[in-house]
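According to this note's numbering, the sequence shown is numbered sequentially starting from 110.
Quick reminder that beta carbons are idealized off the backbone N, C-alpha and C, glycines included.
All values reported here derive from a predicted model rather than from experimental measurement.
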Amino acid sequence: MIDLRSDTVTKPTEAMRQAMAQAEVGDDVYQEDPTINRLQELAAETMGKEAALFVPTGTMGNLVSVLAHCERGQEILLGDNSHVFYYEAGGASVAGGLVYHTLPNDRMGMIDPNLVAAAIRTPDIHFAPTGLLCLENTHNRAGGTVLSKAQIDELCRVAHSRGIPVHLDGARVFNAATYLEIPVKQLVENLDSVQFCLSKGLAAPVGSVVVGRKEFIGKARRMRKMLGGGMRQAGVLAAAGIIALTEMSQRLEEDHYHAHRFAESLALVDGFEVDLETVQTNIVAANLTEKAGTAADWVARLKANGVLVGAAGPRRLRFVFHNDVDRADLEKTLSVIASLAG
Ligand code: TLP
Numbered sequence: 110m111i112d113l114r115s116d117t118v119t120k121p122t123e124a125m126r127q128a129m130a131q132a133e134v135g136d137d138v139y140q141e142d143p144t145i146n147r148l149q150e151l152a153a154e155t156m157g158k159e160a161a162l163f164v165p166t167g168t169m170g171n172l173v174s175v176l177a178h179c180e181r182g183q184e185i186l187l188g189d190n191s192h193v194f195y196y197e198a199g200g201a202s203v204a205g206g207l208v209y210h211t212l213p214n215d216r217m218g219m220i221d222p223n224l225v226a227a228a229i230r231t232p233d234i235h236f237a238p239t240g241l242l243c244l245e246n247t248h249n250r251a252g253g254t255v256l257s258k259a260q261i262d263e264l265c266r267v268a269h270s271r272g273i274p275v276h277l278d279g280a281r282v283f284n285a286a287t288y289l290e291i292p293v294k295q296l297v298e299n300l301d302s303v304q305f306c307l308s309k310g311l312a313a314p315v316g317s318v319v320v321g322r323k324e325f326i327g328k329a330r331r332m333r334k335m336l337g338g339g340m341r342q343a344g345v346l347a348a349a350g351i352i353a354l355t356e357m358s359q360r361l362e363e364d365h366y367h368a369h370r371f372a373e374s375l376a377l378v379d380g381f382e383v384d385l386e387t388v389q390t391n392i393v394a395a396n397l398t399e400k401a402g403t404a405a406d407w408v409a410r411l412k413a414n415g416v417l418v419g420a421a422g423p424r425r426l427r428f429v430f431h432n433d434v435d436r437a438d439l440e441k442t443l444s445v446i447a448s449l450a451g
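Here you go:
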């Protein structure tokens with residue numbers, strides 16, 4: 110099977126498995142796991158922030174960040190197509206008593222800074238006060254699109270000028286930095302906190318990291334414990350995470366190249382519409398014309414021919430390129446699609 114459903118499906122590499130087998134471990138609730146401590150130090154250093162916290166998933170990383178930034182009864186501003194709003198089971202409301210105040214994401218995943226400025230609440234007893242602005246880079250539902258440093262900085266400027274912190278769901282922030290050809294540290298410079306995933310394109314089996322100021326990470330650690338995410342000898346996971354962070358973050362250009370190559374050919378297939386401008390990183394989103402059938406049909410037909418893809422809407426397919434997909438898989442997928450479309 111060629112699996113293009115997500116980069117979450119990547120398997121740990123041989124080097125990761127060896128590092129996991131040999132990892133030095135301790136009890137991380139006591140902060141005594143040397144491998145987790147090393148991963149956290151490396152992550153903080155790579156992101157240019159004071160401190161870091163290892164968490165089991167991106168969803169938990171975003172949730173502990175939101176809970177650490179906000180108080181019950183506040184609002185979080187975020188994109189209407191953001192992962193935090195769309196795919197995280199309403200956790201900020203359930204666990205944090207927070208209100209989601211959505212603003213439109215444009216087709217590139219950007220939020221208009223003027224809309225952010227207008228949405229920040231003024232003091233008024235009728236309002237739930239604004240507690241946080243949450244951004245996403247790369248933007249999953251927009252198709253892996255990238256916010257530039259200037260765009261992020263402008264959104265931070267607007268929020269900070271009104272005393273509002275900014276969190277980045279940077280599940281794929283290394284893909285964004287690779288696309289922009291700048292160090293990730295520079296890209297996230299003005300953000301108060303960042304969650305990034307080790308287990309997407311970076312191929313670790315499990316794990317994400319939250320980075321930010323020391324005091325914020327202290328609060329996030331308490332929230333992680335509250336949610337049941339205080340892990341013990343999890344250095345076996347962090348060992349793979351260190352390889353993800355230091356080595357696998359350097360190879361993402363290859364996935365981007367595959368995605369581009371694939372998108373250009375797919376755009377020529379009858380029935381498929383690909384907005385090539387949105388194909389910036391490792392994700393290709395394609396809309397199906399009425400005549401071509403539904404996404405569910407295509408998911409089933411491709412599966413029957415050895416290719417797994419995801420449906421991102423009733424007429425939208427998602428193809429994600431990653432470490433376990435090579436050039437031959439890409440060509441095979443294209444020929445399967447061409448034969449089914451023909
Ligand atoms: N995204 C998954 C699915 O949940 C859709 C995927 O296959 O792309 N932020 C962003 C931007 C994400 O894309 C994801 C996962 C997460 C957070 C959550 O990470 P996990 O799955 O580790 O909780």
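Check: Residues near V303 by beta carbon distance below 8 Å, same chain, minus five either side; Outcome: M156, K158, H276, L277, G279, V282, V297, V319, V320 and G321
Check: Beta carbon of V134 nearer than 9 Å to that of A343; Outcome: yes
Check: Pocket of the ligand TLP defined by Cβ to heavy atom distance under 5 Å; Outcome: S115, T117, T166, G167, T168, H192, Y196, N249, D278 and A280
Check: Strand pairing of C243, partner residues [DSSP]; Outcome: L187 and H276
Check: Test item: CB-CB of K328 and A204 under 9 Å; Outcome: no
Check: Buried/exposed call for L224, threshold 16 Cβ in 10 Å; Outcome: exposed
Check: Same chain only: Cβ atoms within 8 Å of K258, ignoring 5 sequence neighbours per side; Outcome: L289, I291, Q295, L296 and E298
Check: Three-state secondary structure assigned by DSSP to N391; Outcome: coil
Check: Assigned exposure category for I234 - 16 Cβ within 10 Å defines buried; Outcome: exposed
Check: Beta-carbon proximity check, G240 vs L207, cutoff 9 Å; Outcome: yes
Check: DSSP three-state assignment for C306, whether helix, strand or coil; Outcome: strand
Check: Residue environment, G337, which counts as buried when at least 16 other CB atoms sit within 10 Å; Outcome: exposed
Check: Nearest-angstrom Cα separation, counted from V416 out to I111; Outcome: 5 Å
Check: DSSP three-state assignment for T254, whether helix, strand or coil; Outcome: strand
Check: Rounded C-alpha distance that separates T287 from N246; Outcome: 12 Å
Check: Rounded straight-line distance, which links the Cα of V429 to that of A437; Outcome: 15 Å
Check: Beta strand (DSSP E) runs wholly inside the region 357-434, at least 3 long, in chain order; Outcome: 392-397, 419-422 and 425-429
Check: Beta-carbon gap between N284 and D364 smaller than 9 Å; Outcome: yes
Check: Alpha-carbon spacing of L264 relative to K334, whole angstroms; Outcome: 31 Å
Check: Bounding residues of the beta strand (DSSP E) (the contiguous stretch that carries V164); Outcome: A160 to V164
Check: Nearest neighbour of N391, chosen from G252, T122 and G380 [CA to CA]; Outcome: G252
Check: Alpha carbon of N171 to alpha carbon of M340, nearest angstrom; Outcome: 17 Å
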